[in-house]
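Using the numbering used here, the final residue of the sequence shown is 220, and nothing's skipped along the way.
See below for the structure under consideration.
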Amino acid sequence: AGIVNELEPFYPSAREVRQSRIVARTLQGAFRHFSSPLNQKQPLTREHLRLVMEHTPCPISFDDLLFRALLETGFFGLNRVGELTWPDKTEQRDYSKLSWRHSVILEAESYQFILGWEKSDTHFEGNKVVVQRSASQPDPVETFTHYLITHDQLFPCCPQLWLRRDGSVPLHGWFVRKLHTFLPSSISGHSMRAGGTTSLAAAGVPPAQIQ
Numbered sequence: 010a011g012i013v014n015e016l017e018p019f020y021p022s023a024r025e026v027r028q029s030r031i032v033a034r035t036l037q038g039a040f041r042h043f044s045s046p047l048n049q050k051q052p053l054t055r056e057h058l059r060l061v062m063e064h065t066p067c068p069i070s071f072d073d074l075l076f077r078a079l080l081e082t083g084f085f086g087l088n089r090v091g092e093l094t095w096p097d098k099t100e101q102r103d104y105s106k107l108s109w110r111h112s113v114i115l116e117a118e119s120y121q122f123i124l125g126w127e128k129s130d131t132h133f134e135g136n137k138v139v140v141q142r143s144a145s146q147p148d149p150v151e152t153f154t155h156y157l158i159t160h161d162q163l164f165p166c167c168p169q170l171w172l173r174r175d176g177s178v179p180l181h182g183w184f185v186r187k188l189h190t191f192l193p194s195s196i197s198g199h200s201m202r203a204g205g206t207t208s209l210a211a212a213g214v215p216p217a218q219i220q
C-alpha cells in the first residue's frame with residue numbers, strides 16, 4: 010500500500026494493477042520463496058525448570074537464587090521477562106515499573122506481589138501476581154521464600170523486591186545470559202509465559218481462568 014501511494018501520482022492505475030490477480034500471485038510467490046523462516050522460541054517446560062534446579066551450583070549463590078526465583082515466578086505467574094527485570098538501556102528504566110518488597114504477601118501455599126505500572130493500568134493500581142505452590146519440584150513458593158529471607162537479611166532497608174548481590178536491579182540482558190548458561194538459545198525470556206500457559210492448559214485449567 011505504501012509503494013502504491015508513492016506510484017499513484019505518476020501512474021494513476023497503480024492501485025488497480027496492484028489488485029490484479031497476476032501481481033497478487035507474484036508477490037505471494039516471492040514472499041514464499043525469499044522470506045526468512047520465523048525463528049520461534051521454544052516454550053519453557055517443567056523439565057527445563059528441573060534442569061536449572063539440578064545444575065545450580067551448591068551452595069547456591071544469591072544471584073543464582075534470584076535467577077531461579079525470577080524464572081519460576083515468570084513460569085508459574087505467567088510473566089514476561091520485561092515485567093520482572095529492568096531494561097539494559099539506562100534511558101528506558103522507570104522506577105514506577107519496579108516491584109516493591111512491601112507489596113509481597115507470603116503464605117503457606119502461595120505468594121503474591123504487585124507488578125510495576127504498565128500502560129494498560131489506567132488506574133495506577135498495578136497488576137497482582139499470584140503464584141501457587143507446586144506439588145512437584147521445583148516448588149516456586151519454596152524458592153521464593155528462600156530468596157525473600159536472604160533478600161531481607163542482605164538488604165533490610167532496600168524497597169526493591171528483586172535485587173542482585175551487589176544491590177542492583179537485575180537487567181534483562183543479565184537474566185538472558187544467565188538463562189543460556191543452563192538452557193539452549195531456543196529458550197528465551199518470552200518462553201516463561203508461553204510455557205506456563207501451555208502447562209496450565211495441559212493441566213485442564215479453563216482458558217478464561219488462564220487469561
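Here a beta-carbon is modelled for each residue, glycine too, at the ideal position from N, C-alpha and C.
None of these values were measured; they are calculated from a predicted model.
Taking 8 Å as the cut-off, the beta carbon of R202 is found closer than this to the beta carbon of L87. Non-local beta-carbon contacts of Q169 in its own chain, meaning distances under 8 Å to residues more than five positions away in sequence, involve L107, S108, W109, R110 and V178 in chain order. Here H57 is buried, its C-beta having at least 16 other C-beta atoms within 10 Å. Boundaries of the alpha helix (DSSP H) around V26: A23 to R27.
By the criterion of at least three beta-carbon pairs nearer than 8 Å, the segment 186 to 202 is not in contact with the segment 31 to 41.
Residue pairing by DSSP places I114 opposite Q121 in a beta bridge. V139 places its beta carbon less than 8 Å from that of S119. Inclusion of V13 and R24 in the CB contact set at 8 Å is warranted, their separation being smaller than that value. In this structure, DSSP gives V178 a state outside helix and strand, which the three-state scheme calls coil. Separation of the CB atoms of L115 and T154 is rounded to 6 Å, and the pair is thereby assigned contact status at 8 Å. Bounds of any beta strand (DSSP E) do not take in Q162; it lies within the alpha helix (DSSP H) bounded by P149 to L163. Just measuring C-alpha positions, the residue of P96, R34, E151 and R27 sitting nearest M62 is E151.
The residue among F43, W171 and C167 with its C-alpha nearest the C-alpha of L79 is W171. Ranked by Cα distance from T99, the first of G205, G213 and G182 is G182.
For Q37, the enclosing alpha helix (DSSP H) has its first and last residue at R30 to F43.
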